[in-house]
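Those letters in the sequence shown? Residues 169 to 362, by the numbering used here. Note that the Cβ used here is the ideal one computed from N, Cα and C, for glycine as well.
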Amino acid sequence: MTKNNSRLISIGIDPGTKNGAIAIVDDNLNIIYLAKAPFISVDIKSKKVKPKLNKETGKFEVAYRQRTWTDFRNLRDIFLPFVNDRIIFTVEKVQPKSESEKVSSAFVFGHSLGVFQGQYSLLNPEAFYEPRPQVWKKDMKVTADKESSIEMAETLFNCDLKDYLPKRARVKDDNMAEALLLAFYGLRMFFRNK
(Lines of atoms letter the chains of each structure in order from A and count residues from 1; the text may use other names and numbers.)
(Lines give C-alpha, C1' and ligand atoms only; values in the text may rest on other atoms or scores of the structure.)
Protein backbone atom coordinates (compact mmCIF):
# COMPACT_ATOMS: atom_id res chain seq x y z
CA MET A 1 0.00 0.00 0.00
CA THR A 2 1.35 3.42 -0.87
CA LYS A 3 1.12 6.32 1.52
CA ASN A 4 -1.02 8.28 -0.97
CA ASN A 5 -3.93 5.84 -0.61
CA SER A 6 -3.60 5.18 3.09
CA ARG A 7 -5.45 6.73 6.01
CA LEU A 8 -4.35 9.93 7.66
CA ILE A 9 -3.39 9.57 11.32
CA SER A 10 -1.98 11.96 13.86
CA ILE A 11 0.46 10.94 16.56
CA GLY A 12 0.81 13.16 19.63
CA ILE A 13 3.71 12.68 22.03
CA ASP A 14 3.90 14.12 25.52
CA PRO A 15 7.55 13.21 26.18
CA GLY A 16 8.85 11.97 29.46
CA THR A 17 10.44 8.88 30.86
CA LYS A 18 8.06 7.52 33.47
CA ASN A 19 5.27 9.96 32.70
CA GLY A 20 5.30 10.25 28.92
CA ALA A 21 2.27 9.38 26.82
CA ILE A 22 1.41 8.49 23.23
CA ALA A 23 -1.84 9.20 21.40
CA ILE A 24 -2.66 8.02 17.89
CA VAL A 25 -5.89 9.30 16.34
CA ASP A 26 -7.39 9.33 12.86
CA ASP A 27 -8.70 12.40 11.06
CA ASN A 28 -12.23 11.67 12.37
CA LEU A 29 -10.91 11.96 15.96
CA ASN A 30 -11.23 8.24 16.65
CA ILE A 31 -8.66 7.13 19.21
CA ILE A 32 -6.60 4.33 17.70
CA TYR A 33 -4.03 4.07 20.48
CA LEU A 34 -3.68 5.87 23.82
CA ALA A 35 -1.34 4.85 26.62
CA LYS A 36 1.53 5.81 28.81
CA ALA A 37 4.85 5.63 26.99
CA PRO A 38 6.84 2.43 27.58
CA PHE A 39 9.92 2.65 29.77
CA ILE A 40 12.46 0.35 31.36
CA SER A 41 14.12 0.69 34.74
CA VAL A 42 17.51 -0.69 35.67
CA ASP A 43 19.11 -0.89 39.10
CA ILE A 44 22.57 0.63 39.03
CA LYS A 45 25.13 0.10 41.76
CA SER A 46 26.67 3.46 42.53
CA LYS A 47 30.41 3.60 43.19
CA LYS A 48 29.84 6.49 45.59
CA VAL A 49 27.42 4.58 47.78
CA LYS A 50 29.01 2.76 50.70
CA PRO A 51 27.42 -0.40 52.05
CA LYS A 52 25.03 0.34 54.92
CA LEU A 53 24.06 -1.88 57.78
CA ASN A 54 20.54 -3.22 57.44
CA LYS A 55 19.33 -3.26 61.04
CA GLU A 56 16.73 -5.94 60.35
CA THR A 57 19.10 -8.47 58.76
CA GLY A 58 22.33 -7.40 60.44
CA LYS A 59 24.10 -7.46 57.04
CA PHE A 60 25.82 -4.72 55.11
CA GLU A 61 24.00 -3.97 51.85
CA VAL A 62 24.74 -1.76 48.88
CA ALA A 63 21.96 0.59 47.89
CA TYR A 64 21.00 0.68 44.25
CA ARG A 65 19.86 3.67 42.28
CA GLN A 66 17.25 3.16 39.64
CA ARG A 67 17.88 4.53 36.16
CA THR A 68 14.92 4.79 33.81
CA TRP A 69 14.88 5.15 30.03
CA THR A 70 12.21 5.27 27.37
CA ASP A 71 11.91 1.74 25.97
CA PHE A 72 12.95 2.11 22.33
CA ARG A 73 12.05 -1.46 21.33
CA ASN A 74 8.48 -1.30 22.67
CA LEU A 75 8.08 2.19 21.21
CA ARG A 76 9.06 0.86 17.79
CA ASP A 77 6.56 -1.99 18.16
CA ILE A 78 3.79 0.54 18.89
CA PHE A 79 4.58 2.56 15.76
CA LEU A 80 5.36 -0.23 13.26
CA PRO A 81 1.70 -0.94 12.33
CA PHE A 82 1.37 2.67 11.16
CA VAL A 83 4.43 3.10 8.92
CA ASN A 84 2.35 2.83 5.73
CA ASP A 85 -0.15 5.45 6.87
CA ARG A 86 0.03 9.15 6.13
CA ILE A 87 1.30 10.49 9.43
CA ILE A 88 1.23 13.80 11.22
CA PHE A 89 3.79 13.62 14.02
CA THR A 90 3.69 16.12 16.89
CA VAL A 91 6.17 16.03 19.77
CA GLU A 92 6.01 18.62 22.52
CA LYS A 93 9.25 20.58 22.61
CA VAL A 94 10.18 21.08 26.22
CA GLN A 95 13.22 22.34 28.04
CA PRO A 96 14.34 22.44 31.67
CA LYS A 97 11.94 24.51 33.76
CA SER A 98 14.61 26.49 35.52
CA GLU A 99 18.35 26.86 35.94
CA SER A 100 18.05 25.09 39.26
CA GLU A 101 16.54 21.92 37.76
CA LYS A 102 18.93 19.05 38.30
CA VAL A 103 21.27 18.49 35.39
CA SER A 104 20.89 14.71 35.58
CA SER A 105 17.08 14.81 35.49
CA ALA A 106 17.18 17.25 32.56
CA PHE A 107 19.62 14.92 30.78
CA VAL A 108 17.37 11.88 31.31
CA PHE A 109 14.36 13.84 30.09
CA GLY A 110 16.34 15.01 27.06
CA HIS A 111 17.24 11.40 26.31
CA SER A 112 13.56 10.49 26.36
CA LEU A 113 12.71 13.39 24.05
CA GLY A 114 15.47 12.27 21.67
CA VAL A 115 14.11 8.71 21.55
CA PHE A 116 10.69 10.05 20.55
CA GLN A 117 12.21 12.40 17.99
CA GLY A 118 14.21 9.46 16.63
CA GLN A 119 10.96 7.77 15.59
CA TYR A 120 10.77 10.33 12.79
CA SER A 121 13.00 8.17 10.58
CA LEU A 122 10.82 5.10 11.17
CA LEU A 123 7.54 6.89 10.52
CA ASN A 124 8.59 9.24 7.70
CA PRO A 125 5.72 11.61 8.55
CA GLU A 126 3.98 13.81 6.03
CA ALA A 127 4.07 16.63 8.60
CA PHE A 128 6.17 17.13 11.73
CA TYR A 129 5.43 19.67 14.46
CA GLU A 130 7.44 20.41 17.57
CA PRO A 131 5.51 23.11 19.45
CA ARG A 132 6.50 24.50 22.82
CA PRO A 133 3.88 23.98 25.56
CA GLN A 134 3.02 27.67 25.64
CA VAL A 135 2.30 27.67 21.88
CA TRP A 136 0.08 24.62 21.55
CA LYS A 137 -1.75 25.25 24.85
CA LYS A 138 -2.59 28.79 23.79
CA ASP A 139 -3.82 27.51 20.41
CA MET A 140 -5.91 24.81 22.11
CA LYS A 141 -7.17 27.29 24.75
CA VAL A 142 -5.98 25.27 27.73
CA THR A 143 -4.02 26.55 30.68
CA ALA A 144 -1.00 25.22 32.55
CA ASP A 145 -3.50 23.60 34.93
CA LYS A 146 -3.54 19.91 33.99
CA GLU A 147 -7.29 19.67 34.70
CA SER A 148 -8.02 21.99 31.78
CA SER A 149 -6.12 19.61 29.46
CA ILE A 150 -8.07 16.61 30.79
CA GLU A 151 -11.42 18.37 30.36
CA MET A 152 -10.58 19.56 26.83
CA ALA A 153 -9.32 16.13 25.71
CA GLU A 154 -12.36 14.32 27.11
CA THR A 155 -14.65 16.83 25.38
CA LEU A 156 -12.90 16.77 21.98
CA PHE A 157 -12.58 12.99 21.86
CA ASN A 158 -15.80 12.18 23.74
CA CYS A 159 -14.03 9.81 26.12
CA ASP A 160 -13.18 9.17 29.74
CA LEU A 161 -9.40 9.03 30.06
CA LYS A 162 -9.64 6.71 33.05
CA ASP A 163 -10.81 4.01 30.62
CA TYR A 164 -7.33 4.05 29.07
CA LEU A 165 -5.43 3.60 32.31
CA PRO A 166 -4.39 0.11 33.43
CA LYS A 167 -6.69 -1.38 36.05
CA ARG A 168 -5.86 -0.29 39.60
CA ALA A 169 -3.53 2.37 38.25
CA ARG A 170 -2.89 5.25 40.58
CA VAL A 171 -1.29 7.40 37.94
CA LYS A 172 -2.61 10.66 36.62
CA ASP A 173 -4.12 10.81 33.17
CA ASP A 174 -3.02 14.39 32.38
CA ASN A 175 -0.10 13.18 30.23
CA MET A 176 -2.45 11.11 28.08
CA ALA A 177 -4.76 14.12 27.82
CA GLU A 178 -1.88 16.26 26.61
CA ALA A 179 -0.79 13.60 24.11
CA LEU A 180 -4.34 13.59 22.69
CA LEU A 181 -4.35 17.39 22.51
CA LEU A 182 -0.99 17.33 20.73
CA ALA A 183 -2.40 14.86 18.18
CA PHE A 184 -5.37 17.20 17.68
CA TYR A 185 -3.04 20.21 17.42
CA GLY A 186 -1.05 18.38 14.73
CA LEU A 187 -4.22 17.71 12.72
CA ARG A 188 -5.29 21.34 13.12
CA MET A 189 -1.91 22.65 11.94
CA PHE A 190 -1.85 20.20 9.03
CA PHE A 191 -5.24 21.32 7.71
CA ARG A 192 -4.46 24.99 8.40
CA ASN A 193 -1.38 24.76 6.22
CA LYS A 194 -3.15 22.93 3.38
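Pairing LEU243 with GLN287 gives a Cβ-Cβ distance under 8 Å. CA-CA distance, LEU202 to GLY188, rounds to 11 Å. In the three-state reduction of the DSSP assignment, LEU333 falls in the coil class, being assigned neither a helical nor a strand state. The DSSP-derived three-state label of THR258 is strand. DSSP places SER178 inside the beta strand (DSSP E), whose first and last residues are 176–182. By alpha-carbon distance to PRO183, the top candidate from ILE200, PRO206, ASN326, SER174 is PRO206. From the listed residues ILE190, LYS223, PRO293, TYR332, the smallest Cα separation to LEU176 is found for PRO293. Nearest to LYS261 by C-alpha distance, out of PHE296, SER316, PHE358, is PHE296. Boundaries of the alpha helix (DSSP H) around VAL303: 301–308.
Using a C-beta cut-off of 8 Å, the region 345–359 makes contact with the region 302–315, since at least three inter-stretch Cβ pairs fall below that distance. Taking GLN302 as the centre and dropping the five residues before and after it, the same chain places no C-beta closer than 6 Å to its C-beta. The straight-line gap separating the alpha-carbon atoms of PHE257 and SER178 is approximately 6 Å. Shown here for GLY354: same chain residues with a beta carbon closer than 8 Å to its own, the five before and five after excluded, namely SER178, ILE179, GLY180, ILE256, PHE257, THR258, ALA295, TYR297 in chain order. One thing to note: ILE192 has its Cβ within 8 Å of the Cβ of ILE200.
Just measuring C-alpha positions, the residue of ALA351, PHE240, GLU315, THR323 sitting nearest ASP341 is GLU315. A check of alpha carbon separations from TYR332 across LEU197, LYS204, ASP194 identifies LYS204 as the nearest. If you check the CB distance, LEU197 and LEU291 do not come in under 8 Å. PHE325 sits in coil when the DSSP states are folded into three classes, being neither helix nor strand. If you draw a straight line from the Cα of PRO299 to the Cα of GLU322, it is about 21 Å long. Taking the Cα of ASN252 as reference, the smallest distance to any Cα among LYS305, SER289, GLU319 is reached at SER289.
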